[in-house]
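Sequential numbering from 73 applies to the sequence shown in the working numbering.
Cβ coordinates follow ideal geometry from the N, Cα and C atoms, glycine included.
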Amino acid sequence: MKPYLHTMKTTLTHRNGSSEEMSPKQIIKDIFYRPAIDRKRGTQLELVLSVPAASTVTLIYEFEKAILRYTEYPPDANRGFNVAPAVIRILDSNNTSDTLTPSFIYLRTTSLLLPLPTPDFSMPYNVIILTSTVIALAFGNIFNLLVRRLVGAEEAPPSGVKAVIRSKIVALKDKIRGKETKVE
């Protein structure tokens, strides 16, 4: 996940429910951004925010989804990927830097389920099935051409009741005319 920081928008919601969109410079006092390196480390984004009492800040930014290799997908790729939760450290604005024990409060958000584009994992199966079908059809036709003996219609023995009766009648006619034929 690669965030685009120039698209960041901040919305401040007050206790009474009213919200106003503010410039990020009014709320964000400091930014530390370490971009991700593919297959090595994730993106690190640290923000120092000044949030008024009894209010909520919503940060919205656009991001780019990473494209993974097919071997990097988990067994259930359609579920999505877990994005690590955010860690929020609340600093006491009254605390001076010369105190020996700084008072920090840490909060952790829930993880995010991010759906990524998933490839068609059935494609290799489809290619194998299609190729096997084409090879089987070609092999069957070539095998029939090489092994089968082609017999003309006149040479073929009669089959079926109608054909046997017809051949007997023809043989009987030939016998009456004086032609000698073999009847099967």
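Inset, instruction - Answer with buried or exposed for residue 177, where buried requires no fewer than 16 other C-beta atoms within 10 angstroms of its C-beta. - result: exposed
Inset, instruction - Verify whether the separation of the beta carbon atoms of residue 20 and residue 155 is less than 8 angstroms. - result: Outside the shown range of the chain (73 to 256) lies residue 20, about which nothing can therefore be said.
Inset, instruction - In angstroms with no decimal places, state the Cα-to-Cα distance between residue 205 and residue 198. - result: 11 angstroms
Legend entry - Where residue 130 sits in the DSSP three-state scheme: strand
Inset, instruction - Would you mind reading off the limits of the alpha helix (DSSP H) that contains residue 154? - result: Per DSSP, residue 154 belongs to no alpha helix (DSSP H); it is in the beta strand (DSSP E), 153-155.
Inset, instruction - Select from 118, 228, 240 and 195 the residue whose C-alpha is nearest the C-alpha of residue 101. - result: Taking only the C-alpha atoms, the option nearest residue 101 is 118.
Inset, instruction - Could you tell me whether the Cβ atoms of residue 134 and residue 85 are closer together than 8 angstroms? - result: no
Inset, instruction - Using a threshold of 8 angstroms, state whether the C-beta atoms of residue 105 and residue 77 are closer than that. - result: yes
Legend entry - Given residue 149 as reference, the closest of 175, 129, 115 and 193 once Cα atoms are compared: 193
Inset, instruction - Give the single residue among 94, 152, 93 and 241 whose Cα lies nearest to the Cα of residue 183. - result: 152
Legend entry - Nearest candidate by alpha-carbon position, reference residue 123, set 112, 137, 248 and 98: 98
Inset, instruction - Please classify residue 110: does DSSP put it in a helix, a strand, or coil? - result: In the structure shown, residue 110 sits in coil (DSSP, three-state: anything other than H, G, I, E or B).
Inset, instruction - For residue 143, count neighbouring Cβ atoms within 10 angstroms of its own Cβ and tell me buried if that reaches 16, exposed if not. - result: Classification of residue 143: exposed, given that the 10 Å Cβ count is below 16.
Legend entry - Proximity winner among 95, 90, 121 and 188, relative to residue 103 (alpha-carbon distances): Of the listed residues, the one whose Cα sits closest to residue 103 is 121.
Legend entry - Residue nearest to residue 108 in terms of C-alpha spacing, selected from 93, 130, 190 and 137: 137
Legend entry - Spatial distance of residue 157 from residue 181 (CA atoms): 5 angstroms
Legend entry - Between the CA atoms of residue 245 and residue 46 - distance to the nearest angstrom: Because residue 46 is not part of the residues shown, which for the chain are 73 to 256, the question remains open.
Legend entry - Segments of 3+ residues assigned as beta strand (DSSP E) that fall wholly inside the region 182-222: 184-186
Inset, instruction - Give me the Cβ distance between residue 93 and residue 112, rounded to the nearest whole Å; I'm assuming they're in contact under 8 angstroms. - result: That belief does not hold up - the Cβ atoms of residue 93 and residue 112 are roughly 36 angstroms apart, past 8 angstroms.
Inset, instruction - Check each candidate in 218, 209, 220 and 235 and name the one with the smallest Cα separation from residue 21. - result: Since the displayed the chain opens at 73 and closes at 256, residue 21 lies outside it and no answer follows.
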